[in-house]
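In terms of the working numbering, the sequence shown opens at residue 952 and continues consecutively. Just so it is clear, CB atoms sit at the ideal spot from N, CA and C, and this is done for glycine as well. Report on the structure given below.
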Amino acid sequence: MVNFAPLNTNIKVLGIGGAGGNILGFLSQSNINGLKLSYIDSDANNLAASTLSDKHLIGKNVTRGLSTGGNPDIGRKIAQEDMPLLRKLIEGVDLLIVVVGLGGGLSSGLAPLLVKEAKRQGSLVFCFACLPFTLEGKQKHEAANNALLELRVESGAVILLPNDLLLQELEPTATVLEAFQAASQWVLRGVKALLSVIRQTGMINIDFATLKNVFAEPGGKTLYGLGQGEGENFLQKALDDLSLCPMLFVPQQTRQAERLLVNIIGGKNLTLGDINKALATLAGKFCSKESTIIGAVIDPNKKDYVDICVMGKASARAPKKSATKGVISRDDKKSTPKELPVYPYPLQQQELNLESEVDYSELSFLIDHNKPENRGLFDETEQNLFNGEDLDVPTYLRRGIKIRL
Ligand SMILES: Nc1nc2c(ncn2[C@@H]2O[C@H](COP(=O)(O)OP(=O)(O)OP(=O)(O)O)[C@@H](O)[C@H]2O)c(=O)[nH]1
Ligand SMILES: [Mg+2]
């Protein structure tokens, strides 16, 4: 039986600015039981076009119903002026899920101040942050990068959705709107996964307290991946799907969490062996400390089906300058899955120390606009040209192919 725990955790999704409003509009169509959606914007036209019921015009005295024109300073000013309203919107919220498009002036300026306030009042904050397309230019990227650095300091988790990567997932003829749609779908899946971690009770339980424990300490990068498999070889399909999840798109050295939280929703024929295999693979790939918290729920209405969500905080002790810094590589040979036991809940309660060695070069994988191409580790060496292509640039960047993380 899939049981839903009582809704004793107050959860709110807050969309900020144009991207936040669009994505929340998409979320609202799936009528997720008991989920509160609020949308704030300084752009009166965006608000008027939105079908969301809980929407608020902010910055009336600053922009008079217009956008910030891409200026994060104006976004910050709006946050300061409208802090009483913002405080009201997040009051008493246990889990605040912020949805933003970084690079926009409102989101980049306001979101870090809002998240700081939420943290101060005791909320756990998860941010789903879309990153601008490379072609949107240096200024947007700088604004996004700066905001991201600030957001990381204050949030429990920041999950990135680079718009470039989402476009890459689609057909070459895909439009920007289709990439936006893909981002919305990922946020929907991400939010649903988070809710199922907190609300569903099953064979092995994870609850909000566990989630808070893993993510309470702000700072550091977030590991977040989703995978789904159905039919024949459903488990392998889900693991393959997970390794293509764009939300896992973080530099190699940060794909090692000290504590890994794995939530599995399976059909009625999911076996303990399946769970064990999934855990062993994921722990081998993503966990530096063999410290895995597992939640498992059986959905009796499904068969040959599994939905896996993996999340964690990057290891503070990850090497700062690994051989793969700045370069997205395929599966690391050294991290071959090892057989690990299924750990009972609750597991080792280690304190995470994320202050000291965290590498904040969040967008190191994005194009550096000062250079012809981002060459990662090979920045200091001569270009290795073949048929006009720099072979030191990851193939996925040169050819636009999907990467398996
Ligand atoms: N995935 C996704 N990204 C979007 C969407 N709309 C905009 N973006 C991205 O988000 C970035 C920020 O845009 P907005 O959200 O419109 O900016 P804002 O926060 O409203 O700030 P200003 O309009 O500058 O005041 C853009 O540069 C786009 O890359 C959307 O609907 N979906
Ligand atoms: Mg806007």
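Length of the line joining the Cα atoms of residue i and residue j
i     : j     : result
D1192 : L1221 : 18 Å
G969  : N997  : 7 Å
G1010 : I1029 : 5 Å
G971  : E1129 : 16 Å
N1214 : C1260 : 5 Å
G1153 : E1122 : 38 Å
P1169 : L1162 : 13 Å
G1218 : N1114 : 32 Å
F1237 : I1216 : 19 Å
L1004 : N973  : It should be noted that the sequence gives Ser, not Leu, for residue 1004. When rounded, the distance between both Cα atoms is 13 Å.
S1147 : E1087 : 35 Å
L1017 : S993  : 6 Å
Cβ-heavy atom distance, residue i to ligand 2, below 6 Å
i     : result
D1005 : no
D1158 : no
D994  : yes
S1018 : yes
G966  : no
G976  : no
G969  : yes
Assigned secondary structure, residue i (DSSP; H/G/I helix, E/B strand, else coil)
i     : result
M1154 : coil
P1169 : coil
S1058 : helix
K1264 : strand
K1228 : helix
S1194 : helix
F1079 : strand
G969  : helix
S1018 : coil
S1074 : coil
Contacts around residue i, its chain only, beta-carbon distance under 7 Å, and the 5 residues preceding and following it disregarded
i     : result
N961  : G1043, V1044, D1045
P1063 : A1098, E1101, L1102, E1105
W1137 : L1112, P1197, M1198
Per-residue burial, residue i [other beta carbons within 10 Å of its own, 16 or more giving buried]
i     : result
G985  : exposed
K1172 : buried
S981  : exposed
D1033 : buried
S979  : buried
E1209 : buried
P1023 : buried
R1071 : exposed
A1189 : buried
Close Cβ partners of residue i (< 8 Å) along its chain, the five nearest in sequence each way excluded
i     : result
A1125 : L1118
Any non-hydrogen atom of ligand 1 within 6 Å of residue i CB
i     : result
F1077 : no
Contacts around residue i, its chain only, beta-carbon distance under 6 Å, and the 5 residues preceding and following it disregarded
i     : result
A1095 : L1053, G1054, L1082, P1083
Y1175 : I1110, M1198, M1262
Residue i beta carbon near ligand 4 (any heavy atom closer than 6 Å)
i     : result
N1114 : Ligands present in the displayed structure are limited to ligand 1 and ligand 2, and ligand 4 is not among them.
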